[in-house]
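First up is the structure itself, then whatever we jot down about it.
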Amino acid sequence: MVDDIKLLMIGMSSETYRIGNKVANICHVLLDDPAITQQNLEAYQTESLVYQILGEHPRIGRVELEFYPNGNLKDYLEKNYSSTTEVDKKRWALQMIESVFYIHSKGVRHADLRLDQWLLDQGNARLWRAAQGLECSSHWLPRPDDVDSSVQTDLFALGSSLYELMAGQMPFARIDDHTIDVRYAERIFPTTEGLSLGIEITRCWNQAFTTAEEFLNTARSKLSEATETSFSVDITMTPSGMGRAVEEEDIHAIVDSLNQNVKPNVYEFEPAVEQKSCPTINHPIRYPHRAL
Numbered sequence: 004m005v006d007d008i009k010l011l012m013i014g015m016s017s018e019t020y021r022i023g024n025k026v027a028n029i030c031h032v033l034l035d036d037p038a039i040t041q042q043n044l045e046a047y048q049t050e051s052l053v054y055q056i057l058g059e060h061p062r063i064g065r066v067e068l069e070f071y072p073n074g075n076l077k078d079y080l081e082k083n084y085s086s087t088t089e090v091d092k093k094r095w096a097l098q099m100i101e102s103v104f105y106i107h108s109k110g111v112r113h114a115d116l117r118l119d120q121w122l123l124d125q126g127n128a129r130l131w132r133a134a135q136g137l138e139c140s141s142h143w144l145p146r147p148d149d150v151d152s153s154v155q156t157d158l159f160a161l162g163s164s165l166y167e168l169m170a171g172q173m174p175f176a177r178i179d180d181h182t183i184d185v186r187y188a189e190r191i192f193p194t195t196e197g198l199s200l201g202i203e204i205t206r207c208w209n210q211a212f213t214t215a216e217e218f219l220n221t222a223r224s225k226l227s228e229a230t231e232t233s234f235s236v237d238i239t240m241t242p243s244g245m246g247r248a249v250e251e252e253d254i255h256a257i258v259d260s261l262n263q264n265v266k267p268n269v270y271e272f273e274p275a276v277e278q279k280s281c282p283t284i285n286h287p288i289r290y291p292h293r294a295l
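What follows is the structure in structure tokens.
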């Protein structure tokens, strides 16, 4: 079992592992810092609740999901941008907008939209990791740091994510965060001339779209030639619809493989099925866009 486990990444609140042909998240446990561990658990529980609200949908990834050899859209494009067709990018763009429309229709804000938040599943883009409360400077709608995320902040970040897709780089990729803040506050944005959905991306930055549905309807008319390949919707779920991200024996194996002497807690939680709205993510955290 241990030989089949590979640590893929460590995020701010969780760790992502490949276990055989599955990918799963577990809460990031800091044995020497119970307070941070508790914050991580709360963020992890919020994410679990969000997935309970969203349910099963072909535009949404899962906390536990099949391993996607192509990884996320950002990594894929970094390796394959020259061979990626315009039709591919238009298809993914439409799917990205559809996924944001879907989560908004469920009362969920993502609060950390960027290109690497879409996984590439057999040619189709799936959004994941909603409601983390983290935002990147190049995707941050100018506002005081203590102002909560909203539909408009998601649409602004969606515009930046689509710019990443179409331009092959993040907005103002070679500029420091402070300068980005100043330019955005003055409504100075990267040029989108010549990009598919360039006008619509700029409209996202200028908050010209009221809802994701409005953006989707506009994009569909522009991207009508983008065809869709088959979905893979074989999603593994626990009987409760969520529960733990991985089984307890998997966590034991992870701990053993990392040679830890103390076993972390195995957290379980059962989000209420009747919950209809997402907990508010107050005061989202910002991090440098050049660190991504």
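Numbering-wise (this note's numbering), the sequence shown opens with residue 4 and increments by one. Virtual Cβ for every residue (Gly too), placed ideally from N, Cα, C.
Exercise for the section: Could you check which residue in Met99, Trp131, Asp124 has the C-alpha nearest to that of leucine 219? Expected result: Taking only the C-alpha atoms, the option nearest leucine 219 is Met99.
Practice task
Decide if glutamine 120 is buried, meaning its Cβ has at least 16 other Cβ atoms within 10 Å, or exposed.
Solution key: Residue burial annotation: glutamine 120 is buried, with at least 16 other C-beta atoms found within 10 angstroms of its C-beta.
Exercise for the section: Give me the Cα-Cα distance between valine 154 and glutamate 101, rounded to the nearest whole angstrom. Expected result: About 14 Å.
Exercise for the section: State the DSSP-derived secondary structure class of asparagine 264, mapped to helix, strand or coil. Expected result: In this predicted model, asparagine 264 has a pLDDT of only 39, less than 50, meaning its place in the structure is not dependable enough to derive any value.
Practice task
Count the other CB atoms, across all protein chains shown, that sit within 10 Å of the CB of asparagine 209; report buried if there are 16 or more and exposed otherwise.
Solution key: Flag for asparagine 209 reads exposed.
Exercise for the section: With DSSP collapsed to three states, give me the class of arginine 112. Expected result: Note: arginine 112 maps to coil in three-state DSSP.
Problem - Close-in-space but distant-in-sequence residues of the same chain around proline 174 (CB under 6 Å, 5 per side omitted) - result: Excluding sequence neighbours, proline 174 sits near Ser141, Ser163, Tyr166, Pro193.
Problem - Per DSSP, the bridge partner or partners of aspartate 124 - result: BP columns for aspartate 124 point to Asn127.
Practice task
For asparagine 75, count neighbouring Cβ atoms within 10 angstroms of its own Cβ and tell me buried if that reaches 16, exposed if not.
Solution key: Classification for asparagine 75: buried.
Handout entry: Sequence-distant residues of its chain with Cβ nearer than 7 Å to leucine 200 (five each side left out)
Key = Around leucine 200: Ala96, Leu165, Met169, Ala222, Lys225.
Problem - Option nearest cysteine 207 by Cα separation, candidates Glu81, Asp91, Thr156, Trp131 - result: That would be Thr156, whose Cα lies nearest to the Cα of cysteine 207.
Handout entry: Beta-ladder partner(s) of asparagine 75, from DSSP
Key = Checking the DSSP bridge columns, you'll see asparagine 75 partnered with Leu122.
Problem - Rounded C-alpha distance that separates glutamine 125 from asparagine 83 - result: Whole-angstrom Cα-Cα distance: 15 Å.
Problem - Between the CA atoms of glutamate 216 and histidine 107 - distance to the nearest angstrom - result: A straight line joining the alpha-carbon of histidine 107 with that of glutamate 216 spans about 9 Å.
Problem - Cβ-based burial, serine 152 [other Cβ within 10 Å; buried from 16] - result: With 16 or more other Cβ atoms within 10 Å, it is buried.
Handout entry: Beta-carbon proximity check, alanine 176 vs leucine 116, cutoff 8 Å
Key = When the beta-carbon positions are compared, alanine 176 and leucine 116 stay at least 8 Å from each other.
Practice task
Check aspartate 298 in the structure and name its three-state DSSP category.
Solution key: Residue coverage of the chain in this structure runs from 4 to 295, which leaves residue 298 outside it and unanswerable.
Exercise for the section: Could you have a look at asparagine 83 and say whether DSSP puts it in helix, strand or coil? Expected result: Here asparagine 83 sits in helix by DSSP.
Handout entry: Supposed contact pair leucine 122 and tryptophan 131 - C-beta distance, whole angstroms, cut 8 Å
Key = Taking C-beta atoms under 8 Å as the contact rule, tryptophan 131 and leucine 122 qualify, at a distance of about 6 Å.
Practice task
Measure the C-alpha to C-alpha separation of serine 86 and serine 227 and round it to an integer number of angstroms.
Solution key: Just so you know, the alpha carbons of serine 86 and serine 227 end up roughly 22 Å apart.
Problem - Nearest-angstrom Cβ-Cβ length linking leucine 158 and phenylalanine 212, presumed shorter than 8 Å - result: Right, the Cβ-Cβ distance comes to about 6 Å (below 8 Å), so this counts as a contact.
Handout entry: Status (buried if at least 16 other CB within 10 Å, exposed otherwise) for isoleucine 202
Key = Sixteen is the threshold: since fewer than 16 other Cβ atoms of the shown chains lie within 10 Å of the Cβ of isoleucine 202, the residue is exposed.
Problem - Alpha-carbon to alpha-carbon, glycine 171 and aspartate 180 - result: If you take the alpha carbons of aspartate 180 and glycine 171, they lie about 19 Å apart.
Exercise for the section: Can you give me the Cβ contacts of isoleucine 204 inside the same chain, cut-off strictly under 6 Å, excluding the 5 residues immediately before and after it? Expected result: If we look at isoleucine 204 and ignore the five residues flanking it on each side, its Cβ neighbours are Gly162, Leu165, Tyr166, Thr195.
Practice task
Using 10 angstroms around the beta-carbon of alanine 114, count the other beta-carbons present and answer buried if the total reaches 16, otherwise exposed.
Solution key: Classification for alanine 114: buried.
Problem - Straight-line Cα distance separating glycine 197 from arginine 94 - result: One alpha carbon belongs to arginine 94, the other to glycine 197, and they sit about 17 Å apart.
Handout entry: Distance, leucine 80 Cα to asparagine 127 Cα
Key = Approximately 14 Å between the Cα atoms of the pair.
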